[in-house]
Amino acid sequence: MFDCIVVSIFGIFNLKVNKMLNEFLTQLRASCEARRVPLISRESELHIRNLLQKHQPKTCLEIGAAEGYSSIVIASTIAEWGGQLTSFEVAYPAYLEAQRNIHQAKCWNTTLYPFDITKSETTASVLPVHCDFVFIDAQKSQYGTYLEKIQENLSSENIILLDDVVKYQTKLTGLYEFLEKNQINYQILESEPGDGMMLIETK
């Protein structure tokens, strides 16, 4: 009887937390869209959630937090199994906004840094090791450079997801050169009409 009551209490608590988080994300999406702040599409969000639930990564890296919407999606999902997120945002005003939003969402498993990982000398000391999930949604012309930068920080089994690879394909020359040079296979997941996400999976 007591065990059933405890389970019920925790179940109700989790439902309330999830409801509050969903409401916060809905408000944040509406705010970003109204201000034309870039953020992941609903389809991209679904792909991210599905991949996270399927693979349950523990050490996650995000390059391009913007105002923190995708950070919250990732962090809140992986928190279920004790996952940690390290995220980077190069634009300082966006970094401050992301920091505030992540704090409001109570995503305590997130560490956010305000710099470009391709240029900062401190990158090596703060990049997590053995990353098993990476999400990239930053400067498109740098996608190839980002991949090259994180190679030594990847786990032997990992998932890399890159957003907007169809819409901005003309800016991704460096990415495709890197993939061809290293003979890396990938697939494109449709995210919204006229766009898609690149999935690179290493097993």
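The sequence shown begins at -19 in the numbering used here and counts up one residue at a time.
Don't be surprised by glycine CBs; every beta carbon is placed ideally from N, CA and C.
It should be emphasised that the depicted structure is a prediction, and the values quoted were computed from it without experimental measurement.
Test item: CB-CB of residue i and residue j under 9 Å
i: residue 42; j: residue 54; result: yes
i: residue 134; j: residue 182; result: yes
i: residue 29; j: residue 172; result: no
i: residue 45; j: residue 75; result: yes
i: residue 138; j: residue 113; result: yes
i: residue 110; j: residue 57; result: no
i: residue 140; j: residue 116; result: yes
i: residue 87; j: residue 104; result: no
i: residue 8; j: residue 48; result: yes
Residue i versus residue j: straight-line alpha-carbon distance, rounded
i: residue 50; j: residue 162; result: 28 Å
i: residue 177; j: residue 121; result: 15 Å
i: residue 149; j: residue 180; result: 16 Å
i: residue 93; j: residue 79; result: 9 Å
i: residue 81; j: residue 37; result: 23 Å
i: residue 131; j: residue 91; result: 20 Å
i: residue 2; j: residue 31; result: 19 Å
i: residue 64; j: residue 157; result: 31 Å
i: residue 10; j: residue 52; result: 15 Å
i: residue 175; j: residue 151; result: 14 Å
i: residue 5; j: residue -1; result: 10 Å
i: residue 20; j: residue 35; result: 20 Å
i: residue 17; j: residue 164; result: 32 Å
i: residue 154; j: residue 160; result: 10 Å
i: residue 77; j: residue 166; result: 33 Å
i: residue 14; j: residue 108; result: 34 Å
i: residue 33; j: residue 83; result: 23 Å
Residue i: CB within 8 Å of a non-hydrogen atom of the ligand NAP
i: residue 163; result: In the structure shown, the ligand NAP is absent, as is every other ligand, since no ligand is present at all.
Residue i burial status per 10 Å Cβ neighbour count (16 or more: buried)
i: residue -19; result: With a pLDDT of only 46 at residue -19, under 50, the local geometry of the prediction cannot be trusted, and the value read off the model is given with reservation. Residue -19 is exposed by the Cβ-count criterion.
i: residue -12; result: Interpretation of residue -12 is limited by its pLDDT of 44, a score under 50 that renders its predicted location unreliable; no figure is taken from the coordinates.
i: residue 106; result: exposed
i: residue 24; result: buried
i: residue 170; result: exposed
i: residue 66; result: buried
i: residue 136; result: exposed
i: residue 85; result: buried
i: residue 27; result: buried
i: residue -8; result: Low per-residue confidence applies at residue -8: pLDDT is 40, beneath 50, and the placement is therefore not dependable, though the value from the model is reported in the following sentence. With fewer than 16 other Cβ atoms within 10 Å, it is exposed.
i: residue -16; result: Any reading at residue -16 must be qualified, since the residue scores a pLDDT of 44, below 50, and its modelled position is unreliable; the value itself is stated next. Burial call: exposed.
i: residue -5; result: Below a pLDDT of 50, predicted positions are generally treated as unreliable, and residue -5, at 49, falls in that range; the measurement from the model is reported next regardless. With fewer than 16 Cβ atoms within 10 Å of its Cβ, residue -5 is classed as exposed.
Residue-level contact to chain D via CB, residue i, 9 Å cutoff
i: residue 88; result: Going by chain labels, chain D is absent from the structure shown, which holds only one protein chain.
Check whether the segment 110 to 130 touches the segment 140 to 148, taking contact to mean three or more Cβ pairs, one atom from each stretch, closer than 8 Å.
yes
Between the segment 125 to 132 and the segment 86 to 99, do three or more beta carbon pairs fall short of 8 Å?
A contact exists between the segment 125 to 132 and the segment 86 to 99.
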